[in-house]
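The opening residue of the sequence shown carries number 261 in the numbering used here; numbering runs sequentially from there.
Cβ atoms here follow ideal geometry from the backbone N, Cα and C, with glycine treated the same way.
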Amino acid sequence: MIKLGVNIDHVATIRQARQTTEPDPVWAAAMAELGGADQITVHLREDRRHIQDRDVRVLRDTVNVKMNLECACEPTMLDLAVKTLPDQVCLVPEKREEVTTEGGLDIVANRDRVDRAIKQLQDAGIFVSLFIDPDQSQIELSAKLGADAVELHTGTYANAKTSDERAAQLQILETAAAVVGSTKMQLHAGHGLTYTNVVPVAQIEGMLELNIGHSIVSRSVFVGMQEAVREMKRLCNL
Ligand code: PXP
């Protein structure tokens with residue numbers, strides 16, 4: 261059974277477009293839970309372009325499934341995570357100028373920072389996932405540093421323009437998944453997954469959790485959050 265983490269950032273994006281109080285991501289989280297979400301995922305970005313500190317606080321008090329906080333490996337964010345105590349933190353890279361997260365966190369280049377962050381979060385009892393590219397050296401170092409899980413970045417697979425390219429990227433994800441399988445870490449994946457490309461990723465051997473945002477929020481505009489989540493959950497577990 262694949263666990264579905266529903267990322268509700270873009271409900272907050274619509275609210276912030278008018279700097280008002282609606283739509284409320286807290287309401288979206290409740291509807292996502294009713295649709296079968298196993299986890300609510302939010303990314304508190306440094307520039308607060310969508311999710312706000314208030315959202316993280318209220319979600320922590322109201323979410324009944326697991327709460328997964330995506331955050332940069334920065335001291336202020338880590339302190340906030342420790343104060344909030346989500347069930348899981350996923351460490352992600354972050355650049356102010358990017359439209360969305362553009363690639364995995366480079367654990368090799370940021371080894372000491374990531375090492376300290378994992379310890380700080382785990383000492384607070386938080387399950388730590390690292391968002392990384394499907395690359396053997398990144399996976400092996402994640403295991404060595406004691407991460408509880410890795411979330412493989414599926415953006416390159418999702419952006420593939422041809423079926424050959426998509427098949428090649430799926431193969432890269434499958435190879436990476438096998439490396440994760442040889443460690444004690446859980447296997448998660450996410451980014452750019454949609455109703456039309458999710459099935460092969462969900463069916464990768466050992467896959468446990470997918471985090472999906474933009475596609476679910478987009479569909480929810482037309483069919484409602486509950487129905488959008490229900491359909492994605494069905495596809496994840498064909
Ligand atoms: N996983 C991680 C680590 C992310 O940063 C994001 C985007 O915030 C997602 C999953 C969800 O990506 P998408 O919105 O493309 O489904």
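Is the CB-CB distance between residue i and residue j below 8 Å?
i	j	result
ALA297	VAL266	yes
VAL241	HIS303	Any answer about residue 241 is impossible in this case: the structure gives the chain only from 261 up to 498.
ILE268	ALA462	no
GLN234	ARG309	As displayed, the chain neither begins before 261 nor continues past 498, which places residue 234 out of reach and without an answer.
GLN486	LEU294	yes
THR454	SER423	no
Buried or exposed, going by whether 16 or more other CB atoms sit within 10 Å of the CB of residue i?
i	result
THR499	Any question about residue 499 goes unanswered here, given that the chain covers just 261 to 498.
VAL483	exposed
GLU425	exposed
LYS493	buried
PRO335	exposed
ASP393	buried
ALA369	exposed
VAL481	exposed
VAL439	buried
GLY441	exposed
LEU468	exposed
Taking 7 Å as the limit between beta carbons, can you name the residues of its chain near residue i, skipping five residues before and five after?
i	result
GLN380	LEU338, VAL342
In chain order, what residues of the same chain lie with their CB nearer than 6 Å to the CB of residue i, ignoring the 5 residues before and after it?
i	result
GLY364	PHE391, ILE392, ASP393, HIS413
Below 8 Å CB to CB, which residues in the same chain sit around residue i once its five sequence neighbours on both sides are set aside?
i	result
GLN497	One detail in the question is off: residue 497 reads as Asn in this sequence, not Gln. Cβ within range, chain order: MET261, ILE262, ALA462.
Handout entry: At least three beta-carbon pairs within less than 8 Å, the segment 311-321 to the segment 339-355
Key = yes
Exercise for the section: Would you mind listing the beta strand (DSSP E) stretches within the segment 299-360 that are 3+ residues and don't spill past its ends, in chain order? Expected result: You should have 299-303, 326-332, 348-352.
Problem - Touching by the beta-carbon criterion (3+ pairs, under 8 Å), the segment 405-423 and the segment 435-446 - result: yes
Handout entry: Ordered list of beta strand (DSSP E) runs contained in the segment 369-399, each at least 3 residues
Key = 387-392
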